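Okay, structure first, notes after.
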Amino acid sequence: MLSSGILDEDYFGENFQAGRKEIYVLVELPPQQQAGVTMVDQGWTAKWVSEFRKNQLAPHQLPRLGELADFIENELPEKITLHQEIYDTWITKMTSPSPELMAKLFKIDNLKQCVNFLFRLGSRIVYAGDTETSFISFWDDLIRNVLNFVLHNIGKSDRNSSRSASTGSNRPDYLFIVDSVCVFRGEEKAPGEQIGTPRRELFENLIWSYGDAPYLFGYAAVGYEARLYAITRAHDDVDAIELGVYDVKHLEGRFLLLLAILNVARLLQSVASLCPESARDEYKKLFRDLGVR
């Protein structure tokens, strides 16, 4: 690894000027790769995010509840660019290599790769630990950080940091808020728990205050197992309808979840726009309970 203390014009060019709050990472590649892979992002990630946001669906375009499971497996309308060598490395690391899955997420461009986003993907820990707390950063990398990255200035994430097994809580472990509406929530448990427990927590104490919004989104995670749900009103009750199951211990499972989260991200702003003021009242209550005034 090259020194992080010096920004040398030999690496960045004589006209390079560092931003005050920017971090620049240089990775020294093996000699056979140095000529082929550039690790400096020249705005390609920002351009991809901008194009990705143009593919958010309007309220009248939202998939029906029965179409969601297929929708979240759709290929991205704007693919993430990466270098051929990175693609080849990831394919070889898959337990069950899937060029079809990779083609839904990525396109090869050796000159314009989304380095900033790819570093986030490649830096994920794999062996998190044995407790719920030890898995939080892992789950955040897979879900929270992806939503924050592509929907910054549109939504924001929060965690219920005061929750514990001894005190319990009706508040979700994780919330993603758009326009003061909790459109995406998550419940998490340590390895060894049954997935049905966090699934029930997604909806069993939820009073539907979302008007005619067709659904919200949520996930349940137990160790390396994650499941996505559509939370919806069924007659006078609320239920969580399973959309996908992901084994995130393996790379292909993480890519499947990444694809699903990115497709869900295209829907969240429109879901929030369909919710009445009562849905925003729930947000205020959640944050009063969290100690936020």
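In UniProt numbering, the protein residues as written are 1 to 293. Yeah, the Cβ is synthetic: ideal placement off N, Cα and C, and Gly gets one too. The model shown is predicted, which means the values in this text are computed figures rather than measured ones.
**Prompt:** Does DSSP put D140 in a helix, in a strand, or in coil?
**Reply:** Looking at D140 - three-state DSSP - the assignment turns out to be helix.
**Residue interval of the beta strand (DSSP E) (run including T81)** = I80 to L82
**Request:** Might you give, ordered along the chain, the residues of its own chain that have their beta carbon closer than 6 Å to the beta carbon of L268, omitting 5 neighbours on each side?
**Result:** V178 and V183
**Asked** To the nearest angstrom, how far is it from the Cα of L228 to the Cα of P198?
**Response** Looking at the two C-alpha atoms, the distance is approximately 11 Å.
**Item:** Same chain only: Cβ atoms within 6 Å of L175, ignoring 5 sequence neighbours per side
**Value:** D158, C182 and R185
**Message:** Tell me which residue opens and which closes the alpha helix (DSSP H) that K47 is part of.
**Reply:** W44 to R53
**Message:** Out of P276, N148 and R53, which one is the CA nearest neighbour of L76?
**Reply:** R53
**Asked** The alpha helix (DSSP H) with S270 in it runs from where to where?
**Response** L268 to S273
**Item:** In chain order, each alpha helix (DSSP H) run of at least 4 residues that lies wholly inside the region 162 to 215
**Value:** 196 to 201
**Selection from L142, E188 and Q42 that minimises the alpha carbon distance to K249** = L142
**Request:** Assign K93 to one of three DSSP states: helix, strand, or coil.
**Result:** It is helical.
**Request:** Tell me whether I23 sits in a helix, a strand or coil according to DSSP, three-state version.
**Result:** Residue confidence for I23 is low, a pLDDT of 42 falling below 50, so the modelled location carries little weight; the figure read from the coordinates is stated next. Coil at I23, not helix or strand.
**Prompt:** Would you report the Cα separation of M94 and R233, rounded to the nearest angstrom?
**Reply:** 38 Å
**Message:** Whole angstroms are fine: how far does the CA of E282 sit from the CA of K156?
**Reply:** 16 Å
**Request:** Could you tell me which residues DSSP puts in a beta bridge with Y229?
**Result:** G218 and E242
**Asked** Is DSSP giving G129 helix, strand or coil here?
**Response** coil
**Message:** Comparing C-alpha positions only, which one of F203, F217 and V222 sits nearest to D237?
**Reply:** F203
**Request:** Could you check how far apart the C-beta atoms of Q113 and L82 are, in whole angstroms? I think they sit under 8 Å.
**Result:** Going by Cβ atoms, the distance from Q113 to L82 rounds to 5 Å, so yes, they are a contact pair.
**Message:** Any beta carbon from chain B within less than 8 Å of K156's own beta carbon?
**Reply:** Looking at the structure shown, chain B is missing, and only one protein chain is on hand.
**Asked** Taking L111 as the reference, which of P214, L257, S209 and I80 has the closest Cα?
**Response** I80
**Prompt:** DSSP on F107, reduced to helix/strand/coil?
**Reply:** Here residue 107 is Lys; the residue named in the question, Phe, does not match the sequence. Strand, per DSSP.
**Prompt:** Would you report the Cα separation of A240 and K47, rounded to the nearest angstrom?
**Reply:** Straight-line Cα distance between these residues: approximately 35 Å.
**Request:** Within 10 angstroms of the Cβ of T131, are there 16 or more other Cβ atoms? Answer buried if so, exposed if not.
**Result:** exposed
**Item:** Member of A213, E188, A190 and A103 whose CA lies at the smallest distance from the CA of Q230
**Value:** Contrary to the premise, residue 230 reads as Ala rather than Gln in this sequence. Taking only the C-alpha atoms, the option nearest A230 is A213.
**Message:** Rounded to the nearest angstrom, what separates N153 and G196 at their Cα positions?
**Reply:** 33 Å
**Asked** Can you give the Cα-Cα distance for E277 and G211, rounded to whole angstroms?
**Response** 9 Å
**Asked** DSSP state of G155, grouped into three classes?
**Response** G155 sits in a strand when the DSSP states are folded into three classes.
**Request:** Please determine, among N148, R120 and N160, the residue with the shortest C-alpha to C-alpha distance to I136.
**Result:** Per the Cα distances, N160.
**Inter-residue Cα distance where the pair is L216 and V271** = 7 Å
**Request:** Could you give the DSSP three-state label for A58: helix, strand or coil?
**Result:** The DSSP-derived three-state label of A58 is coil.
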